[in-house]
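To start, the structure itself, in structure tokens.
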Amino acid sequence: MNLEQARSNMIDHQIRSWEVLDGRVLDVLREVPREEFVPTRHRKLAFSDLRIPLGHDQVMMKPVEQGRLLQGLALAGQEKVLEVGTGSGFLTACLARLASHVTSIEIIESIAEKAHAALASEGVEGLDLKIGDALAAGFGDGQFDVVVITASVASIPDPVVRWLRPGGRLFIVRGQSPAMEALVVTRTESGRLSEDSLFETDLPRLIGAEDPPAFRF
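In this text, residue positions in the sequence shown follow the working numbering: the first is 2, and each later residue adds one.
See below:
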């Protein structure tokens with residue numbers, strides 16, 4: 002595989018066509034070696050328009066989804082970011098290049114260990130990597146400028162909103178499979194939430210925030 006040609010094709014024919022045109026985002030997607038974060042058995046699929054399995058029913062988002070996510074957050078470089086769901090570590094590396102500092106937490110230890118190794122191998126800086134349940138991690142109110150949830154929820158958990166400072170932004174996927182909506186939610190200075198829809202997708206549920214049992218007669 003010609004990696005650089007495949008990378009260019011991914012950016013020019015997939016990501017740009019999804020209206021990801023922010024130069025900083027495109028540069029990061031070009032510079033961070035996506036193939037180094039993909040499980041070895043799926044490396045040939047690194048630049049494909051697919052969600053790549055990570056094991057334990059978890060996936061790596063499509064390149065176009067990650068591009069729209071990064072563009073939608075409009076990171077200026079000074080933000081403190083919390084990523085819930087380190088996953089492959091690729092998005093973590095991209096966030097670290099676009100923000101001031103990234104705290105990333107992964108609940109599945111084996112996935113976390115692989116991501117941590119890949120991030121260390123690539124020399125990614127400005128990270129605080131954790132293993133555990135984000136909803137039980139004790140993050141403080143207003144601790145972050147941006148929160149990124151890389152799994153889906155039926156509704157936005159209350160603690161997630163509290164982690165955001167006023168004016169902060171949240172990326173989250175909400176809804177029911179197979180048609181879920183990816184959102185950027187802004188917490189206004191008054192504490193209200195303003196939503197912008199980015200795209201439709203279908204991601205695994207956030208562990209610990211599964212749907213309540215359906216009522217049955």
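For every residue, glycine included, the Cβ atom is placed at its ideal position computed from N, Cα and C. These numbers were taken from a predicted model, which means no experiment stands behind them.
### Query
For the region 52 to 77, which segments carrying the beta strand (DSSP E) assignment without a break, of at least 3 residues, lie completely within its bounds, in sequence order?
53 to 56, 59 to 61
### Query
Sorted by chain position, which residues of the same chain lie with C-beta nearer than 7 Å to Val26's C-beta, five sequence neighbours on each side aside?
Gly68, Leu71, Gln72
### Message
On the DSSP bridge list, what partners appear for Val26?
### Response
In the DSSP output, where bridge partners are listed per residue, Val26 has none listed.
### Query
From Glu107 to Asp13, what does the alpha carbon distance come to, in whole angstroms?
31 Å
### Val103 versus Asn3: straight-line alpha-carbon distance, rounded
31 Å
### Message
At the level of alpha carbons, what is the spacing between Leu96 and Val82?
### Response
8 Å
### Query
In three-state terms, what does DSSP make of Ala180?
strand
### Query
Anyone know if the C-beta pair for Gln59 and Ile109 falls short of 8 Å?
yes
### Query
What does a CB cutoff of less than 7 Å around Phe140 pick up in its chain, not counting 5 residues either side in sequence?
Leu83, Trp164
### Task
Report back the beta-carbon spacing between Asp197 and Val185 to the nearest angstrom; my notes put them in contact at under 8 Å.
5 Å
### Task
Could you tell me whether the region 141 to 157 touches the region 118 to 127, where touching means 3 or more Cβ pairs closer than 8 Å?
no
### Query
Can you name the residues that DSSP bridges to Lys81?
His102
### Query
Can you check whether the CB of Val162 is closer than 8 Å to the CB of Arg98?
no
### Task
Determine the closest residue to Asp50 out of Gly56, Arg35, His57, with distance taken between C-alpha atoms.
Arg35
### Task
Find out if the Cβ-Cβ distance for the pair Gln15, Pro54 is shorter than 8 Å.
no
### Query
Can you name, in chain order, every residue of its own chain whose Cβ lies under 8 Å from the Cβ of Gly78, other than the five neighbours on each side?
Leu99, Ala100, Ser101
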